[in-house]
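Working notes, beginning with the structure itself.
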Amino acid sequence: METRGFDREAPYHRLSDADLWSAFLRNCAHLTDIAAAAARDLSPDTEITWTGRTVTAPFFAEHMREELILHRWDLTGDDRTAVRALDEPWMTEHSVISVGRPLLARGRAELRLAPDERLEARLRTPGTDDIVLTADADTAGIRLAAPDGPATIESDAATRLLLLWGRRPADPSRWHSAAGPETLRRVRTLLSGY
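Residue 92 in my numbering is what sits at position 111 of the sequence shown, and the numbering runs on without skipping anything.
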């Protein structure tokens, strides 16, 4: 089973806000129907070719759930429902563990680090593990780790998730950093892949 490429998004870029919202609601209902049928008919071991890799049906369903939550935020912004959904620990875990490395690939290329350069950053939400980002000229990594040393960026969980996906909340007071503008520029570039 194979999914379509990212070219499917092009027609939506030309829609008005009202038409985009209508298309979003219509396609969410369609996705719900398809997912329900797949849950009934597909084995959990069914492999799906998706964006150049193979994943299982349960992984794909979880990722689609995350995409719907994230893209809902794209349309509505920081309303209570969006923030509550983005706060869910599974969202951070999925973003870091399941899609983290592909998430960083494009951003690492944009950084254009010299062979001797290395970037390491910690995204911290109090009471949770840090998200540790690393990048050099050839590789990028992302992992969860116990808080250690200063945070590059500290924020609430929903904001941290948005930052991972190259977005920022409307309210800038939801995150802070003492890392300096050049480090923040580099971190934001690394996280600009999606």
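Cβ coordinates follow ideal geometry from the N, Cα and C atoms, glycine included.
Compare the beta carbon distance of residue i and residue j with 8 Å and say whether it is the shorter of the two.
i	j	result
leucine 100	leucine 171	yes
arginine 124	valine 77	yes
leucine 49	alanine 38	no
alanine 121	leucine 85	yes
tryptophan 156	leucine 51	no
serine 154	isoleucine 134	no
arginine 105	alanine 126	no
alanine 4	leucine -4	yes
threonine 35	glutamate 43	no
tyrosine -7	leucine 6	no
Spatial neighbours of residue i within its chain, please: C-beta separation below 7 Å, excluding the five flanking residues on both sides.
i	result
glycine 58	Ala151
alanine 188	Because the chain in this structure spans residues -18 to 175, residue 188 falls outside the shown range and cannot be described.
Among the residues of its own chain, which have a CB less than 6 Å from the CB of residue i, if the five just before and after it don't count?
i	result
threonine 54	It is tryptophan, not threonine, that sits at residue 54 in the sequence shown. Cβ within range, chain order: Ala63.
arginine 81	A small correction: the amino acid at residue 81 is glycine; arginine does not occupy that position in the sequence shown. Result list for glycine 81: Ile123, in chain order.
Per DSSP, which residues does residue i bridge with? Please list them.
i	result
arginine 103	Val113
serine 136	Trp156
tryptophan 31	Arg34
isoleucine 123	Leu114
Could you give the C-beta distance for residue i and residue j, rounded to a whole number, given that I count them as a contact under 8 Å?
i	j	result
alanine 142	methionine 72	Sequence check: residue 142 is leucine here, not alanine. Contact holds; Cβ gap of about 5 Å.
glutamate 41	serine 79	For clarity, residue 41 is phenylalanine in the given sequence; the question names glutamate instead. In fact, because the Cβ distance is near 10 Å, the residues do not count as touching under 8 Å.
alanine 111	proline 83	For the record, residue 111 in the displayed sequence is aspartate; it is not alanine. Their Cβ separation, rounded to whole angstroms, is 21 Å, which puts aspartate 111 and proline 83 out of contact at 8 Å.
Taking 8 Å as the limit between beta carbons, can you name the residues of its chain near residue i, skipping five residues before and five after?
i	result
leucine 92	Leu100, Ala116, Arg167, Thr170 and Leu171
glycine 130	Arg103
Any chance the stretch 67 to 76 sits against the stretch 129 to 144, with 3 or more Cβ pairs inside 8 Å?
Cβ pair count under 8 Å is three or more, so yes.
Kindly confirm or deny that the stretch 155 to 173 and the stretch 90 to 104 touch, where touching means at least three C-beta pairs closer than 8 Å.
The stretch 155 to 173 makes contact with the stretch 90 to 104: 3 or more CB pairs, one atom from each, lie closer than 8 Å.
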